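The next block holds one structure in the form of structure tokens; read it before the comments.
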Ligand SMILES: Nc1ncnc2c1ncn2[C@@H]1O[C@H](COP(=O)(O)OP(=O)(O)OP(=O)(O)O)[C@@H](O)[C@H]1O
Ligand SMILES: [Mg+2]
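Chains as they are written, first to last, in the working numbering: chain E, 1256 to 1512; chain G, 150 to 371.
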């Protein structure tokens, strides 16, 4: 088996390890032998054209999608060995979606307290304290008793980030967290993510926000047609992408900005 | 010589009629509770991984929705005892109403569940909740809110259908009315009054449903 990636070797085990992962939707192959290793504290930006398999890749990590071949190990836990491990993996992996997916019938605070109480068995008072702490951190503490529909898109997405953080995950996955937002709200969400990165969170972000990638990413990974075609430091990737598909893709992205 | 209206008969039997109303309300509320339980469990079972369970639920819905309620309640009342299960009329009526209402409730609630965006389920799973928790804590309430008018409409239907339970002599308004009518031969007065009483029961229930909705389903949506 080929080594998963070419970044400097770490003595620690990677937090996320994907080995030769293949995924089909029926007869359509959405992931083609994907290898990826993410160490603790690393920030990865994943980009590529629409339909290239970015969402599929990160959704395989927390088993929102099943894959047919290969192996994914999260924090030393491999689900292939033990199906029960899906639960543990999901507790360690936070996810933020393009469409926020807040629970409309719960207040912001209740959204943030649900999983710690129901999944981790945290006491109510402690869950509330943690929730308020993270809501303050995403600058939305004063909206704790509102319902999601009473918030703007940017505010909702920040709540979604806080909700995921309340489970105190080891990794955060972001699937185009700003692409459903009005332009004026993109910055507040990106700033939240930058803050999180500066605090040392391990992150995999599917995003086309190139400014964010330059500022935060340790590595940019470019995908097309279910394959990882290029991996590089952001500077290298944006200045001189080596794969023709990456060049073309960057050309299109820049044309839009 | 025409038929002379004489409502004094109704007046004399008013206490019995009011007790009948309570009987009807009791049957209806117990039936609704059972129907709701069957509805929610049925929707969950309908989406189970186990094929036999899904088929069982579908078969149940098909049988209930394609046979007359009168036959269903006769089956429970006359056929089951021959298999060694003897039930009293009121219990039979509640079970019959619950099964019948439950079959419709499954289909209605399922429509509500299907209207919930799959992102809601994914967000719950991604947070580490189990499938059952996701259904119970995340999907169910918005799903019921989405179909609340159809569901409560069905429950009003169930209440009115309870009058058929007179056929197994369950204690409810129509059976009380039949008894008074056969004692007094005052059909018009009795059934006119009973009609108004059913209307009043329906209105009361609709008011209660609206209050429940304000209490539990009033969270804002965009
Ligand atoms: N449930 C599904 N059934 C069948 N095909 C699917 C399904 N989900 C995704 N696909 C296909 O798999 C491929 C990868 O999809 P994916 O959503 O991972 O792409 P993406 O890179 O995230 O795209 P986008 O930028 O548009 O979000 C696409 O061609 C898509 O049509
Ligand atoms: Mg996607």
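For every residue, glycine included, the Cβ atom is placed at its ideal position computed from N, Cα and C.
Just so it is clear, the structure is predicted and the values come from calculations on it, not from any experiment.
- Within 10 angstroms of the beta-carbon of residue 1339 of chain E lie fewer than 16 other beta-carbons, which makes it exposed.
- Considering only beta carbons, the part of the stretch 1354 to 1369 of chain E lying closer than 7 angstroms to chain G consists of 1354, 1356, 1358, 1359, 1360, 1369, in chain order.
- Taking a C-beta cut-off of 7 angstroms against chain E, the contacting residues of the stretch 269 to 287 of chain G are 269, 271, 272, 274, 275, 276, 277, 278, 282, 286, 287, listed in chain order.
- Relative to ligand 1, even the nearest heavy atom lies 7 angstroms or more away from the CB of residue 1287 of chain E.
- Residue contact check for residue 368 of chain G against chain E: a CB pair falls below 8 angstroms.
- In terms of beta-carbon proximity, residue 1399 of chain E stays away from the interface with chain G, with every pair separated by 8 angstroms or more.
- The beta carbon of residue 363 of chain G sits no closer than 8 angstroms to any beta carbon of chain E.
- For the pair residue 1413 of chain E and residue 1444 of chain E, the CB atoms are nearer than the 8 angstroms cut-off.
- Taking C-beta separations shorter than 6 angstroms and ignoring five residues to either side along the sequence, the partners of residue 1382 of chain E in its chain run 1368, 1371, 1372, following chain order.
- Taking the Cα positions, residue 192 of chain G is about 15 angstroms away from residue 249 of chain G.
- Only those residues of the stretch 1331 to 1351 of chain E whose C-beta falls short of 8 angstroms from the nearest C-beta of chain G are listed: 1342, 1345, 1346, 1348, 1349, 1350.
- According to the DSSP secondary-structure assignment, residue 257 of chain G is paired through a beta bridge with no residue.
- Against residue 1404 of chain E, the close residues of chain G are 368, 369, 370, 371, in the order they occur along the chain (beta-carbon pairs closer than 8 angstroms).
- In the three-state reduction of the DSSP assignment, residue 214 of chain G falls in the helix class.
- Scanning chain G for C-beta atoms nearer than 9 angstroms to the C-beta of residue 1374 of chain E yields 276, 277, 278, 279, 282, reported in chain order.
- Proximity of chain E to residue 290 of chain G at the Cβ level (cut-off 7 angstroms) is accounted for by 1360, in chain order.
- The beta carbons of residue 1498 of chain E and residue 1477 of chain E sit closer together than 8 angstroms.
- Around the beta carbon of residue 1267 of chain E, fewer than 16 other beta carbons lie within 10 angstroms, which makes this residue exposed.
- Straight across, the Cα-Cα distance linking residue 1307 of chain E with residue 1283 of chain E is about 12 angstroms.
- Looking at the DSSP output, residue 1280 of chain E sits in a beta bridge with E:1283.
- Residues are counted here when their Cβ sits less than 9 angstroms from a Cβ of chain G; for the stretch 1299 to 1325 of chain E these are 1314, 1317, 1318, 1319, given in chain order.
- Closest in C-alpha terms to residue 1490 of chain E, from the list E:1379, E:1481, E:1474, comes E:1474.
- For residue 1273 of chain E, the closest Cβ of chain G is not nearer than 8 angstroms.
- When only Cα atoms are considered, residue 1395 of chain E and residue 1401 of chain E end up about 10 angstroms apart.
- In the DSSP assignment, residue 1298 of chain E falls within the beta strand (DSSP E) that extends over 1298 to 1302.
- Residue 193 of chain G: not part of any beta strand (DSSP E); member of the alpha helix (DSSP H) spanning 163 to 195, first to last residue.
- For the stretch 1406 to 1424 of chain E, the set of residues with a beta-carbon nearer than 7 angstroms to any beta-carbon of chain G comprises 1422, in chain order.
- Taking C-beta separations shorter than 7 angstroms and ignoring five residues to either side along the sequence, the partners of residue 1289 of chain E in its chain run 1273, 1276, 1312, 1483, following chain order.
- When the Cα atoms are used, residue 326 of chain G and residue 311 of chain G turn out to be separated by approximately 14 angstroms.
- In this structure, residue 188 of chain G keeps its C-beta atom at 8 angstroms or more from the C-beta atom of residue 261 of chain G.
- With a threshold of 16 other beta carbon atoms within 10 Å, residue 1389 of chain E meets it and is buried.
- Using a 10 angstroms sphere on the CB of residue 228 of chain G, the tally of other CB atoms stays under 16, which defines it as exposed.
- For residue 1430 of chain E, the CB falls within less than 7 angstroms of some heavy atom of ligand 2.
- Residue 172 of chain G counts as buried, since at least 16 other C-beta atoms from the protein chains shown sit within 10 angstroms of its C-beta.
- One Cα belongs to residue 1363 of chain E, the other to residue 259 of chain G, and the distance between them is close to 27 angstroms.
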